[in-house]
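Data first, discussion second: the structure below is written as structure tokens.
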Amino acid sequence: MNGRGLIHYALALLLAPLLLGVINRVKAAFAGRRGQPVLQPYYDLVKLLQKGAVYSRTTTWVFRAGPVVTLAALLAALALVPFAGQAGPLSFQGDVIVCVYLLGLARFFTVLAALDTGSAFEGMGASREVQFSALAEPALLVGLVVLGRQTSTASLGPMFAAVGPALWMTAGTTLALLAVAFFIVLLSENSRVPFDDPNTHLELTMIHEVMVLDHGGPDFGLILYGSALKLWIFSAFVAGLVVPYRCGNGWVDTAAAVGALLLTALVVGTVESCMARLRLLRVPHLLISATVAAVLAFLLMTR
Amino acid sequence: MTSWLDIVMVLLFLTDLGLLGSSRLGVYVRLAAVQGVLVGVLPLLVQHTLALETVAVAAGTIAVKSVLFPWLMARIMRGFDDRRERQPYLGYTVSLVLGVLAVGAALWISRRLPESGAGGLAAHGFLMPAALFSIFTGLILLVTRRKAVTQVLGYLVMENGIYVAGMVLVPESTFLVELGVLLDLFVGVFLMGIMIFHIQREFDHIDTDQLAALKDWGGEP
Amino acid sequence: MLRELVMLPAGAGLMAFFVRSHGWRRGLLVAAAVAHLGLTVRAWVAPPAVGGFWLGLDPLGLLFLTIVSVLFMACAVYAVGYLGREDHQQEKADLEEGLLFSNQPEAVFTGCMLLFLSMMSLVCLSRHLGLLWVAIEATTLTSAPLIYYHRHHRSLEAAWKYMLICSVGIGLALLGNFFLAVAFTPAGGVTPALGLDGLLTATVGTRGVWLKVAFVFIVVGYGTKMGLAPMHTWLPDAHSESPSVVSALLSGALLNCAFLGILRVWQVLVHTGQADFAQPIMIGFGLASMAVAAVFILGQPDYKRLLAYSSVEHMGILALGVGLGGAAVFGSLLHAVNHSLTKCMLFLTAGNILAVYRTKECGKARGLLRVMPVTGVLWIAGFLAITGTPPFGVFLSKFIVLSAAFNSGHPVIGVVALALLAVIFVGLCVIVLRMGQGERSDAVPEAVREPLWSMIPPVLLGLAVLALGLWLPKPLETVLQAAARSLGGGL
Amino acid sequence: MSGLLVSLILLLTASALPLAAWRRPALASRLGSWGGAAACGVGLASSIAAFAGSVTASRAWPWVTPVGGAFSLALDPLSAFFLIPMFLVCGLGAVYGRAYLAGDEGRLALGPSWCFYNLLTASMIVVLTASNALLFLVSWEVMTLASFFLVTYDHDRAESRLAGRLYLIAAHIGTAFLVVFVLLGRRYTGTLDMSQWPAAFAGIPAARLGLLFVCLVIGFGTKAGFMPLHVWLPEAHPAAPSHVSAVMSGVMIKTGIYGLLRFGTMLGTPALWWGGLLVAVGLASCVFGILFALAQQDIKRQLAYSSVENMGIVALALGVALVARALQLPTVALLALAAALLHVLNHAVFKSLLFFGAGAIYRATHTRNLDALGGLLKRMPRLGLGLIVGAAAISALPPFNGFVGEFLLYRAAVLGLNSDADAGMILLAAIGGLALTGGLAAACFTRLVGVALLGEPRTPEAAAAVEPAGAFRWPVTILAALCLALGVLGPFLVVRLAPLLSLLSGDPLAKVSGLLAPETGPLTAVTLMALLVLALVVIVAWARHGLLRGRDVREAGTWDCGYARPTARMQYTATSFAQPLVGLFVRLLRSRRRYAIAPGLFPASASLNAETRDVVRERVFTPVFQFVDRWLSFLKWLQSGRVQLYILYIVITLLGLLFWTLRGGA
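Here it is as structure tokens:
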């Protein structure tokens with residue numbers, strides 16, 4: 001537990017929805033529109049939290065527990081994530097594994113809640129979610145473990161603290177490959193193009209959004225906030241690896257890191273505007289290639 | 001004495017070859033009877049002293065081997081329409097060739113056995129091969145012929161060979177040899193004779209082809 | 001006492017030919033069996049001196065005599081029930097082809113059974129190789145009518161093959177005995193009598209080759225009767241066509257008697273230091289028998305033939321054990337005991353199945369556990385016992401034999417044997433379990449009685465095999481040890 | 001030790017009594033169940049005490065001594081550790097079984113079933129404590145036989161018969177390898193007394209040790225269900241009554257792991273390839289096991305394949321431990337061993353939970369087909385809660401127990417990866433494979449819970465289901481509580497494993513404790529994280545509750561994008577849920593699909609049937625067996641029925657032997 005980590009944690013809780021807003025603005029800009037305000041996700045959250053709720057008669061307590069457990073698991077995972085080269089509020093040897101499995105816990109309950117509605121749409125989304133995440137999980141974990149091997153640790157904090165210009169000079173290829181892997185996993189896990197299209201709520205092509213069709217009111221607010229946190233976590237991995245800016249002054253570093261996160265959101269938005277969704281059948285190939293990139297990084301390192 | 005023995009042995013060889021090369025059941029029985037006589041006189045030639053016991057053994061053997069069994073066989077065959085051994089598994093020529101090979105094998109085996117040393121008989125280099133050859137002839141008949149009667153005759157020939165071997169190898173215990181061979185013959189030929197009666201009753205003929213229902217190969221029995 | 005063991009059943013057997021009443025005759029059968037067993041037990045309690053020139057009882061003989069006696073007891077009890085079921089007067093339809101046939105007269109059956117017992121006892125008691133040969137020959141003579149009990153053409157064929165093949169074998173064994181005599185004849189001297197005690201003190205000198213050739217002839221000759229592959233060919237036919245109670249005796253007792261014939265010569269070989277030469281022969285016969293059994297057990301459609309091939313397998317294990325020497329000889333002898341008890345139990349159970357299902361086809365005798373629970377349990381337990389599954393006795397004896405294979409530096413032989421055993425297990429497993437388990441078949445009458453006479457012997461035999469797997473009685477161990485030591489082995 | 005003996009005697013009595021009372025099934029059932037449960041209670045208490053006190057004790061009675069046998073039992077931490085879950089699951093199974101079997105009373109024989117159940121438990125006690133190799137083999141086979149008879153308990157069903165046969169054959173072949181091992185062991189050491197083996201194995205060349213190790217992996221791997229030796233498992237476990245499935249899957253297959261540990265540690269320092277072999281076997285088992293589980297519709301088959309997966313994880317952990325020992329990385333080896341041990345314990349808890357639950361569902365709905373279930377959580381809420389906990393635990397999610405074992409394994413692999421490059425690829429493969437397995441397991445068990453418990457019932461039978469009786473529910477509840485307790489407290493258990501780890505690694509206790517000391521930090525952190533997650537759940541739930549208080553909360557039909565007439569049959573089924581993943585691996589799984597599409601412009605009905613059979617069985621074992629069968633059948637011409645040929649065999653044998661004997665010359 002450390003003070004800077006706690007501040008970063010609070011920052012994440014506060015700024016996470018902003019990333020969604022940035023992505024939306026970038027997409028609007030590419031489409032030549034003004035687009036919604038950058039703070040729109042905050043407005044949405046506030047609105048949703050003020051509403052009542054409608055539940056399907058089919059559902060059980062699992063449906064109501066889904067958003068709660070998901071958010072709780074993401075909040076716990078966020079506590080392990082390093083930011084600005086600084087360990088998260090909680091850090092210990094092996095927290096890599098706990099972090100990845102907490103994300104798994106979140107997914108487990110999202111999927112169960114979706115299946116609880118008995119709707120075919122949500123079943124379909126759940127089915128795709130488990131497929132893609134089963135393939136994304138090895139990519140993420142192998143990637144993190146390889147990074148840990150490069151930096152001789154099994155804890156996220158020291159791992160990202162050790163990444164810096166010096167390491168990029170000596171093991172640039174390895175880090176680049178890992179960055180690619182992390183970015184692919186980011187896109188997949190956060191349901192962005194080319195894996196998913198968050199804009200097309202009502203089409204058969206989507207994954208994550210379709211799972212939460214039946215949620216409304218505060219529950220949906222929790223889900224929305226949860227996905228913002230998730231995006232923050234993955235962006236922190238990518239940004240921590242690619243933009244390891246340190247000047248020594250903690251506050252400047254933190255500001256730079258927030259900037260790097262926003263930059264990541266910008267890239268995600270750009271990718272989303274420039275690319276089409278992949279055919280569902282092609283998606284596994286991309287995820288497997290992320291794992292391959294991570295393994296390749298390992299081979300390069302131990303060469 | 002030795003020359004007599006030689007003659008008997010040569011005759012034994014010839015009867016064996018005759019059995020291998022012939023196809024008529026009648027010839028088989030007659031040749032077997034002749035062999036019985038040849039084998040029967042053997043104790044008289046082998047023993048140095050002509051005891052009464054030896055004579056009795058010789059007489060008994062001849063009575064059983066060349067009178068009783070041929071008669072039994074002949075009786076059995078009286079009911080047959082076909083008195084030939086048709087289509088044996090191997091032709092008569094091949095049987096003869098096999099016979100020649102058997103002579104070779106008999107010589108090879110006896111060559112490799114050290115002297116038996118009993119009564120100096122084994123010094124007579126011809127006795128052991130002749131005995132083995134008779135045994136092999138009997139086995140060849142058993143393996144290649146189709147009719148049950150022929151097979152029993154083959155068995156008889158084999159027993160003759162064993163008897164000769166016994167005479168050669170353990171001349172002192174003639175009685176044991178006698179007992180053994182006669183018991184064997186009794187069991188074999190007598191019981192088989194009874195069985196051939198039954199076989200005839202059950203199947204109308206005595207080709208052992210008919211006796212191939214119990215098997216684990218080919219169609220259902 | 002030794003003479004009584006032979007004469008008593010022989011006398012009873014001759015008497016049985018003349019007794020008119022079925023009841024008295026069956027009583028005579030059981031009484032003779034009881035008396036014989038009583039004499040055998042007495043031999044355990046108060047062992048007679050090893051014996052004279054012709055007859056004697058050493059541990060090896062005692063062991064096999066006990067097997068014969070116990071098995072005969074079980075079969076005699078079973079036969080009472082069996083003969084009660086069989087009708088001897090009328091012709092009846094053959095089970096498989098519907099041909100009409102009639103049984104042998106019951107007097108012939110009972111008489112031959114008793115004479116058969118007498119001759120097997122003689123085999124166990126003989127101390128003279130000539131007498132031994134005569135006794136083995138006589139077992140063929142007395143058992144052939146038993147095989148031909150159901151007088152139809154298949155049992156005739158089986159009896160014919162049995163007679164012809166075994167006679168050839170026994171003839172070769174006689175020749176072997178002659179050679180053996182030559183081996184022990186001193187140069188220019190007199191041929192010795194073939195008394196075992198004499199042979200075990202004599203020397204061969206330069207005549208080792210004669211002894212070797214003698215052994216080859218005897219092992220092929222007696223091996224034919226024992227059912228060693230590839231001379232085993234009569235065995236499945238005879239076992240499948242004779243009444244089950246006869247099959248039980250043939251498989252459990254007769255094969256052992258032939259084995260004893262080989263063992264007697266083995267004793268001589270061991271004494272003269274020639275056993276090394278014969279070991280590969282016995283191992284070869286052992287593995288060949290197991291392999292042949294494996295081939296024919298897989299997918300065997302007839303359950304009595306199945307049991308017959310299983311006997312071939314176990315004779316192979318016995319030969320293997322003797323061939324390996326050392327501790328394996330002990331294992332082999334123990335295995336003879338276990339196998340006899342188990343196989344007898346299985347054949348008697350098979351007889352019960354045949355009586356109800358009226359077919360020998362495995363495919364038609366289904367659902368035993370549902371139709372006849374006791375028989376079903378016996379059948380499956382028998383399968384487990386015969387394949388050497390713990391905790392049955394066969395496991396221990398197999399274990400000793402295999403263990404000796406590994407210990408004596410023949411691990412490859414051990415592995416090959418284990419592989420063959422596994423194949424045999426698979427074959428038996430599929431067939432036996434298909435028969436044992438499942439729904440009751442429609443072809444079977446609704447209410448099936450399981451008569452007590454037919455149940456008690458196999459149940460007791462099964463319990464005995466189980467007991468032998470859990471506990472090795474000290475007296476048995478002592479006798480086995482002594483017998484194995486006389487064969488140059490032992491633990 | 002005396003507690004164990006009491007338990008053993010009680011069990012033997014409780015297996016004899018039901019058989020004696022076979023004419024009165026209710027009485028037999030009561031005797032068997034109570035006797036079994038009481039014996040397990042005694043055994044559980046005594047083995048927990050023995051483990052906690054690191055007791056080592058032994059007793060021996062003479063038994064078939066000329067053969068080398070002895071009825072000698074020895075209790076040490078390793079035995080005690082395996083005995084604890086064994087007694088727990090068997091005891092709960094005895095209670096559960098009585099309720100479960102009550103449904104068959106009058107149709108099937110309950111007396112024998114209870115006899116074999118208690119015999120199975122008794123034989124497992126002996127297997128886990130035997131210190132004589134012959135006694136071990138005998139009890140091992142008795143265990144196989146007892147479970148075989150339990151599998152074929154309902155042998156009127158062809159499926160049970162087939163499963164039983166397959167099981168018996170596989171077990172027998174596996175045991176053959178163990179026999180080879182024991183016989184080789186006896187050859188090298190000259191004794192069957194296992195306590196003398198470790199010292200005697202020391203001087204044996206490495207190649208022979210490797211041979212012994214392979215025998216062990218095949219022999220015990222068959223029982224443990226390692227791929228590709230697992231073929232019997234997905235058939236036998238579903239065919240058995242559910243309490244037996246729980247015992248077989250939960251604890252019986254662990255005896256394979258026990259055997260590997262018990263005998264494997266005797267072989268001394270391993271070669272690197274031993275670990276590589278186990279890692280390969282483990283990876284194949286876990287990835288393929290879980291993929292096959294995913295493709296099954298039968299709920300118990302799915303659980304059985306999942307057992308293959310979990311045994312694969314244990315094999316993986318053992319493999320990592322061996323690799324680490326070969327590379328002289330003691331900490332890594334210890335952690336991996338601890339992971340294997342913990343996973344054994346954890347799997348016993350959650351797998352028996354799931355089988356108990358599946359059995360209760362089967363009894364309530366009369367079907368094991370996932371696609372015929374649905375909406376059961378509403379109808380059996382308490383059982384459903386237990387099942388969801390079990391599903392989360394088996395998917396290795398924090399804060400449940402499954403995670404602790406996997407965490408340790410990852411920890412070991414990462415530590416090994418960071419400290420040595422030689423075996424880097426092996427360890428990285430282990431990590432990647434484990435991660436993939438984790439993802440697939442999540443898919444598999446969300447499918448199980450989602451399709452069976454959630455949504456609407458798909459059939460009238462499922463709709464008519466009601467909460468089962470207490471005897472069905474309580475074992476599930478107890479095990480679910482254990483899942484959570486072990487998940488939170490599991491890390492502390494690792495410290496208690498030190499004496500056992502010292503026994504297995506051969507290092508002194510002080511050294512083991514010293515090596516484990518740095519790991520207590522992360523382990524405590526895992527517990528803290530588990531507690532944090534629980535606290536956060538409570539906080540968020542409380543916040544949500546506060547937000548909704550007093551607001552308008554309504555119930556309606558599922559929205560389903562505004563579709564007007566949702567019916568239960570429109571739900572995603574288990575088959576469709578798994579389709580993307582199964583489709584992705586279709587080349588490996590060889591799933592078969594049968595379509596039946598009605599012709600015409602307005603087709604009335606259509607059907608699709610997807611089925612995934614065991615690839616290893618169909619593509620490897622069946623062809624091999626058929627080949628052997630065909631090849632051997634070819635030799636049947638030997639018995640052609642012609643007596644002439646038979647005599648010819650005699651002649652050939654005679655001449656051959658004569659030639660062989662006389663070949664040297666006179």
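Protein chains in written order, with the working numbering: chain A, 1 to 303; chain B, 1 to 221; chain C, 1 to 491; chain D, 1 to 666.
Even glycine gets a Cβ: it sits at the ideal position worked out from N, Cα and C.
As the structure is a computational prediction, the values presented were derived from the model and not from experiment.
With a threshold of 16 other CB atoms inside 10 Å of the CB of residue i, please say whether the residue is buried or exposed.
i, result
"C:E446", "exposed"
"D:Y595", "exposed"
"A:R34", "exposed"
"A:V163", "buried"
"C:G111", "buried"
"A:K47", "exposed"
"A:C247", "exposed"
Among the residues of its own chain, which have a CB less than 6 Å from the CB of residue i, if the five just before and after it don't count?
i, result
"D:R98", "S29, S33"
So what's residue i in DSSP terms, helix, strand or just coil?
i, result
"C:K343", "helix"
"A:P89", "coil"
"D:Y595", "strand"
"D:W274", "helix"
"C:F53", "coil"
"D:D193", "strand"
"C:G490", "coil"
"A:D253", "helix"
"C:E106", "helix"
"D:S58", "strand"
Give every residue of the same chain whose Cβ lies closer than 7 Å to the Cβ of residue i, excluding the five residues on either side of it in the sequence, and list them in chain order.
i, result
"A:H215", "P67, I223"
Among the options, which one has its Cα closest to the Cα of residue i?
i, options, result
"D:L178", "D:G264, D:V651, D:A464, D:I204", "D:G264"
"A:L175", "A:F195, A:S188, A:E189, A:V145", "A:V145"
"B:K215", "D:K636, D:A391, D:F116, D:A16", "D:K636"
"A:V38", "A:G221, A:K51, A:N24", "A:N24"
"C:S420", "C:S121, C:L287, C:C166, C:F18", "The sequence given here places Leu at residue 420 of chain C; Ser does not occur at that position. Per the Cα distances, C:L287."
"D:A464", "D:G374, D:L260, D:M252", "D:G374"
On the premise that residue j lies in contact with residue i, defined as a C-beta separation below 8 Å, what is that separation, rounded to the nearest angstrom?
i, j, result
"B:L98", "B:I135", "Wrong, their Cβ atoms sit about 14 Å apart, outside the cutoff."
"D:S505", "D:F355", "With 8 Å as the limit, D:S505 and D:F355 do not qualify as a contact, their Cβ atoms being about 33 Å apart."
Return the chain-ordered list of same chain residues with a C-beta closer than 8 Å to the C-beta of residue i, the five sequence neighbours on each side being excluded.
i, result
"B:G120", "With a pLDDT of only 47 at B:G120, under the threshold of 50, the placement of this residue in the model should not be trusted; the figure read from the coordinates follows. If we look at B:G120 and ignore the five residues flanking it on each side, it has no Cβ neighbours."
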